[in-house]
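S.K.: Protein sequences, first through last, are from chains A and B.
Per the working numbering, residue 502 is the first one in the first sequence, and the count goes up by one each step.
Per the working numbering, residue 19 is the first one in the second sequence, and the count goes up by one each step.
Where is the CB? At the ideal position from N, CA and C, for every residue including glycine.
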Amino acid sequence: MRTILDFEKPIAELDANIEALKRITAEQGIDKSDEIAALERDRERLLREIFRNLTPWYRTLLARHPQRPYTLDYIRAIFDDFIELHGDRQFGDDGAIVGGMAWLNEKPVVVIGQQKGRDLKERQRRNFGMAKPEGYRKALRLMHLAEKFGRPVITFVDTPAADPGVESESRGISEAIARNLREMIMLRVPIVSVVIGEGGSGGALGIAVADRVLMQEHAIYSVIPPEGCAAILWRDPKRAPEAAEALKLTAHDALRFGVVDEVLEEPLGGAHRDPLAAAQTVKEALLRHLPPLQKLSVSKLRESRYERYRNLGMWQIATE
Amino acid sequence: MQRGWFARRSRIEGLALDEMNDAWVKCNGCQQILFARDFERNLKVCPRCGHHHRLSARERIELLADPDTFVERDAEVVSADPLGFPEYADKLSKGRANSGLPEAMVSGTCTLSGIPIVLAVADFAFMGGSMGSAVGEKVARAMEYALEQRLPIVICSCSGGARMQEGLLSLMQMAKTCAVAAKLHEAGVPYISVLTDPTMAGVLASYASVGDVVVAEPGALIGFAGQRVAQQAQVVKPPPNFQTAEFQLEHGMVDIVVPRKELKHTLHRILRFFTGG
């Protein structure tokens with residue numbers, strides 16, 4: 502079943518009307534093309550209007566949209582001959598992080614990303630995209646594979662958070678994330694990260710330390726989910742829309758803070774309305790960003806990645 | 019600990035209320051009423067149950083640095099309000115008032131039993147010791163100074179995690195501090211991470227976990243997810259010592275749990291391994 506968000510409802514109504522007219526045309530042979538064209542123009546205008554003024558909360562809902570393309574959808578659409586590789590060689594295989602070898606046009610790359618599930622069964626298997634320590638350790642193992650053979654790394658970020666359960670704590674979820682942060686800074690091959698949905702806090706960052714971080718227009722990137730923020734600030738998770746506003750979690754905010762290097766435009770109405778077009782935009786961006794990085798010497802590459810992160814933050818010098 | 023307990027409960031003959039408030043404290047562990055003097059003398063560890071109460075940054079520096087050797091650095095680095103976040107400015111001034119510090123982290127150089135080190139200490143009284151841009155910058159600078167001078171660095175964490183009020187910029191301090199930690203790692207400059215109550219979330223999942231040696235204080239709350247989130251997520255029932263120093267030791271995430279009265283001596287023994295011989 503399709504999920505329709507509140508602010509998508511007027512569009513869904515028009516979609517239904519257009520469908521109905523098309524059916525009449527097909528079944529009864531009555532020409533409704535003028536009416537259909539008019540409705541389609543309305544639909545386009547309405548979409549533009551709604552999406553011009555999307556609030557941070559609506560973007561949050563879009564970023565979590567159940568029909569939004571996930572990592573494996575992008576991998577299928579962008580790369581050739583993907584071979585998924587499993588396991589962290591220490592404990593197990595985490596379904597919430599996928600990764601493997603692939604070709605980006607004529608170039609071999611390592612691709613890694615958080616993966617959510619489409620149906621209930623897959624959601625459980627993927628733990629809703631919340632990776633455990635073995636997921637982060639698998640990611641790191643694949644990055645070291647890439648490093649060993651001089652292949653660039655591309656990561657797709659889409660997670661509500663790292664898994665907060667007892668098991669994850671027992672196997673050192675904090676250590677796994679922290680180690681990735683430290684190792685990714687020093688990796689000897691280029692890394693490009695793309696935030697495609699939810700950039701959920703440390704869980705997202707654990708695979709997102711990169712030379713270039715790209716972010717889709719309706720993705721979010723935040724230190725805490727708006728619901729959690731509202732619960733702490735106002736003891737009321739229902740005030741999440743206000744918290745979303747305050748947290749400055751949109752792609753354009755991330756760009757302004759220097760956390761993200763480019764915002765990738767999505768098809769009108771969001772990536773879920775045209776996944777292939779969304780993937781094409783991501784692919785073009787990857788093909789644009791990777792070659793200049795691959796031309797850099799290892800030391801220059803690592804130094805500029807270091808500088809990129811060393812300089813993040815906004816603080817002040819006390820005047821007294 | 020709670021002071022002033024007696025003010026509500028009873029009067030002790032011959033003591034004015036103020037004196038009583040100063041003379042007694044209640045242990046947060048066993049709830050026993052203790053002589054403040056004994057409590058302070060015992061480094062804020064309950065002499066009855068061994069509960070380790072939080073130390074301020076200044077108290078911990080006093081505990082670890084040799085007398086009159088601590089020279090503060092980067093005290094001028096303080097928080098801005100880059101998001102214009104609701105009530106943040108207020109919380110910052112309250113944090114300053116509560117802690118008597120300009121920021122949630124104090125850093126500098128000192129000697130520890132004669133060994134020159136860089137020392138950075140978080141203070142929970144300043145917005146729960148949370149890491150915003152300024153704290154991240156102070157950690158980064160302390161590590162850079164250690165790198166430059168090739169001095170061992172000891173960082174005592176005491177933090178609820180990344181500071182929500184600076185949003186994504188706080189999150190990025192995790193990567194920033196780990197970036198400098200990576201340089202220390204490559205250069206072979208020793209980094210000892212001391213986890214005190216509490217060390218959580220974005221701080222534990224970044225610089226606090228990548229020390230060459232990770233030391234923890236007994237009973238300290240150490241974990242990834244806040245209690246509320248962790249509770250909601252539990253499929254497996256958490257053990258009674260969940261997210262304590264002892265739990266992390268048992269699961270291989272901490273090298274050694276050290277009672278406070280032995281902390282300085284133990285750090286000295288560890289530092290000697292790196293610098294002596």
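Buried or exposed, going by whether 16 or more other CB atoms sit within 10 Å of the CB of A628 of chain A?
M.R.: As a working mapping, residue 628 of chain A is identified with position 127 in the first sequence. Residue identity check: residue 628 of chain A is Asn in the sequence provided, not Ala. Per the 10 Å Cβ criterion, buried.
S.K.: At a Cβ cut of 8 Å, what residues of the segment 188–217 of chain B count as close to chain A, listed as they run along the chain?
M.R.: Taking 8 Å as the Cβ-Cβ cut-off against chain A, the residues of the segment 188–217 of chain B that qualify are S188, L189, M190, Q191, M192, A193, K194, C196, A197, V198, A199, A200, K201, H203 and E204.
S.K.: May I ask you to report which of helix, strand or coil DSSP gives R287 of chain B?
M.R.: For this step, residue 287 of chain B is matched to residue 269 along the second sequence. Helix.
S.K.: Mind checking the segment 669–680 of chain A against chain B and listing, in chain order, the residues whose C-beta falls within less than 9 Å of any C-beta there?
M.R.: The residues in question are S669, E670, S671, R672, G673, I674, S675, E676, A677, I678, A679 and R680.
S.K.: Name the residue from A:A663, A:K796, A:M685 and A:G771 whose alpha carbon lies nearest to the alpha carbon of A597 of chain A.
M.R.: Locating residue 597 of chain A in the first sequence gives position 96, counting from the first residue. With distances taken between Cα atoms, A597 of chain A lies closest to A:A663.
S.K.: Between which two residues does the beta strand (DSSP E) containing Y209 of chain B stretch?
M.R.: Along the second sequence, read from residue 1 onward, the residue named residue 209 of chain B stands at position 191. Y209 to M218 is the span of the beta strand (DSSP E), which, as asked, contains Y209 of chain B.
S.K.: Residues of the segment 86–101 of chain B in Cβ contact with chain A at a cutoff of 7 Å, in chain order, please.
M.R.: The segment 86–101 of chain B vs chain A, Cβ under 7 Å: E94, V95, V96, S97, A98, P100 and L101.
S.K.: I'd like the list of long-range same chain contacts for P793 of chain A, defined as Cβ closer than 6 Å, with 5 residues on each side in sequence excluded.
M.R.: Within the first sequence, the letter at position 292 stands for residue 793 of chain A. No residues qualify anywhere along the chain.
S.K.: Which chain A residues sit within Cβ distance under 8 Å of F260 of chain B?
M.R.: Along the second sequence, read from residue 1 onward, the residue named residue 260 of chain B stands at position 242. Neighbours of F260 of chain B on chain A, chain order: V667 and E670.
S.K.: Given that a residue counts as buried once 16 or more other Cβ atoms are within 10 Å of its Cβ, and exposed if not, what is S702 of chain A?
M.R.: Residue numbering aside, residue 702 of chain A sits at position 201 when the first sequence is read from its first letter. Classification of S702 of chain A: buried, given that the 10 Å Cβ count is 16 or more.
S.K.: Are the Cβ atoms of K617 of chain A and G636 of chain A separated by less than 7 Å?
M.R.: For the purposes of this step, residue 617 of chain A is identified with residue 116 of the first sequence, where counting begins at 1. For the purposes of this step, residue 636 of chain A is identified with residue 135 of the first sequence, where counting begins at 1. Contact: no.
S.K.: State the start and end residues of the unbroken beta strand (DSSP E) segment that holds Y722 of chain A.
M.R.: The count along the first sequence starts at 1 and reaches residue 722 of chain A at position 221. Here the beta strand (DSSP E) through Y722 of chain A covers I721 to S723.
S.K.: Identify whether A517 of chain A lies in helix, strand or coil by the three-state DSSP scheme.
M.R.: Locating residue 517 of chain A in the first sequence gives position 16, counting from the first residue. Correct three-state label for A517 of chain A: helix.
S.K.: Between the beta-carbon of S694 of chain A and the beta-carbon of V667 of chain A, is there less than 7 Å?
M.R.: Sequence index remark: in the first sequence, residue 694 of chain A carries index 193 (1-based). Sequence index remark: in the first sequence, residue 667 of chain A carries index 166 (1-based). Not closer than 7 Å, so no.
S.K.: I need the straight-line Cα distance from R809 of chain A to R713 of chain A, nearest angstrom please.
M.R.: Residue numbering aside, residue 809 of chain A sits at position 308 when the first sequence is read from its first letter. Residue numbering aside, residue 713 of chain A sits at position 212 when the first sequence is read from its first letter. The alpha-carbon atoms of R809 of chain A and R713 of chain A are separated by roughly 9 Å.
S.K.: Please classify R27 of chain B as buried or exposed, where buried requires at least 16 neighbouring CB atoms within 10 angstroms.
M.R.: Position 9 of the second sequence, counting from 1, holds the residue named residue 27 of chain B. With a pLDDT of 40 at R27 of chain B, under the threshold of 50, the modelled position of this residue cannot be trusted; read the value that follows with caution. Result: exposed.
S.K.: Please report how far the alpha carbon of M510 of chain A lies from the alpha carbon of A517 of chain A, in whole angstroms.
M.R.: In the first sequence, residue 510 of chain A corresponds to position 9, counting from 1. In the first sequence, residue 517 of chain A corresponds to position 16, counting from 1. Reading off the sequence, residue 510 of chain A comes out as Lys, not Met. Rounded to whole angstroms, K510 of chain A to A517 of chain A spans 10 Å at the Cα level.
S.K.: Taking the continuous alpha helix (DSSP H) assigned at G154 of chain B, which residues delimit it?
M.R.: Numbered from 1 along the second sequence, position 136 holds the residue referred to as residue 154 of chain B. That run of the alpha helix (DSSP H) goes S151 to Q167.
S.K.: Does the beta carbon of P120 of chain B come closer than 7 Å to any beta carbon on chain A?
M.R.: As a position in the second sequence, residue 120 of chain B is number 102, starting the count at 1. Judged by the 7 Å Cβ criterion, P120 of chain B is in contact with chain A.
S.K.: Who are V710 of chain A's beta bridge partners in DSSP?
M.R.: The residue you call residue 710 of chain A lines up with position 209 of the first sequence. None, per the DSSP bridge assignment.
S.K.: By the 10 Å Cβ neighbour count, where 16 or more other Cβ atoms means buried, how is G707 of chain A classified, buried or exposed?
M.R.: Taking the first residue of the first sequence as 1, we reach residue 707 of chain A at position 206. With 16 or more Cβ atoms within 10 Å of its Cβ, G707 of chain A is classed as buried.
S.K.: Skipping 5 residues on each side, what residues in its chain have a beta carbon closer than 6 Å to that of R29 of chain B?
M.R.: By 1-based counting over the second sequence, the position of residue 29 of chain B is 11. Its pLDDT being 40, under 50, R29 of chain B is placed unreliably by the model, and the measurement read from it follows with that caveat. There are no such residues.
S.K.: Identify each residue in the segment 136–156 of chain B for which the Cβ-Cβ distance to at least one residue of chain A is less than 7 Å, and report them in chain order.
M.R.: Flagged, chain order: S151, A152, G154 and E155.
S.K.: For K109 of chain B, count neighbouring C-beta atoms within 10 Å of its own C-beta (all shown protein chains included) and say buried if the count is 16 or more, exposed if not.
M.R.: Translated into positions along the second sequence, residue 109 of chain B becomes position 91. Burial call: buried.
S.K.: So, for F195 of chain B: in the same chain, excluding its five sequence neighbours on each side, which residues have a beta-carbon less than 7 Å away from its beta-carbon?
M.R.: Indexing the second sequence from 1 puts residue 195 of chain B at position 177. Checking the sequence, you will find Thr at residue 195 of chain B rather than Phe. The answer, listed in chain order, is G154, V157, A158, S224 and Y225.
S.K.: Going along chain B in order, which residues have a C-beta closer than 7 Å to the C-beta of V690 of chain A?
M.R.: As a working note, residue 690 of chain A is residue 189 in the first sequence. Chain B residues near V690 of chain A: none, gap ~15 Å exceeds 7 Å.
S.K.: Compare the beta carbon distance of A786 of chain A and L715 of chain A with 7 Å and say whether it is the shorter of the two.
M.R.: Within the first sequence, residue 786 of chain A is the residue found at index 285, counting from 1. Within the first sequence, residue 715 of chain A is the residue found at index 214, counting from 1. Going by C-beta atoms, A786 of chain A is nearer than 7 Å to L715 of chain A.
S.K.: With C-beta atoms as the reference, is S211 of chain B less than 7 Å away from G814 of chain A?
M.R.: Stepping through the second sequence from its first residue, residue 211 of chain B is reached at position 193. Stepping through the first sequence from its first residue, residue 814 of chain A is reached at position 313. No, the Cβ-Cβ distance between S211 of chain B and G814 of chain A is not below 7 Å.
S.K.: Would you mind sorting P257 of chain B into buried or exposed? The rule is 16 or more other CB atoms within 10 Å of its CB.
M.R.: Reading the second sequence from its first residue, position 239 is the one you call residue 257 of chain B. Its Cβ having fewer than 16 others within 10 Å, P257 of chain B is exposed.
S.K.: Rounded to a whole number of angstroms, what is the C-alpha to C-alpha distance between P120 of chain B and E90 of chain B?
M.R.: For the purposes of this step, residue 120 of chain B is taken as residue 102 along the second sequence, with counting starting at 1. For the purposes of this step, residue 90 of chain B is taken as residue 72 along the second sequence, with counting starting at 1. Taking the straight line joining both Cα atoms gives about 12 Å.
S.K.: Establish whether the CB of W735 of chain A and some CB of chain B are separated by less than 7 Å.
M.R.: Counted from its first residue, the first sequence places residue 735 of chain A at position 234. False, the Cβ-Cβ gap to chain B never drops below 7 Å.
S.K.: What residue from A:I674, A:C730, A:V654 and A:R811 has the CA that sits closest to Q795 of chain A's CA?
M.R.: Working through the first sequence from its first residue, we reach residue 795 of chain A at position 294. Looking at the Cα atoms, A:V654 is the closest of the given residues.
S.K.: How close, in whole Å, do the beta carbons of S117 of chain B and A83 of chain B come, if the pair is a contact with beta carbons under 8 Å?
M.R.: Translated into positions along the second sequence, residue 117 of chain B becomes position 99. Translated into positions along the second sequence, residue 83 of chain B becomes position 65. Actually they do not touch by this definition, with Cβ atoms about 18 Å apart.
S.K.: Cβ closer than 7 Å: which chain A residues qualify as neighbours of S227 of chain B?
M.R.: For the purposes of this step, residue 227 of chain B is identified with residue 209 of the second sequence, where counting begins at 1. S675, E676 and A679, listed in chain order.
S.K.: Any contact between the segment 742–752 of chain A and the segment 721–733 of chain A? By contact I mean 3 or more CB pairs, one from each, below 8 Å.
M.R.: These segments touch.
S.K.: Ends of the alpha helix (DSSP H) at D273 of chain B?
M.R.: In the second sequence, the residue the question calls residue 273 of chain B occupies position 255. Element bounds for D273 of chain B: n/a, residue is neither H nor E.
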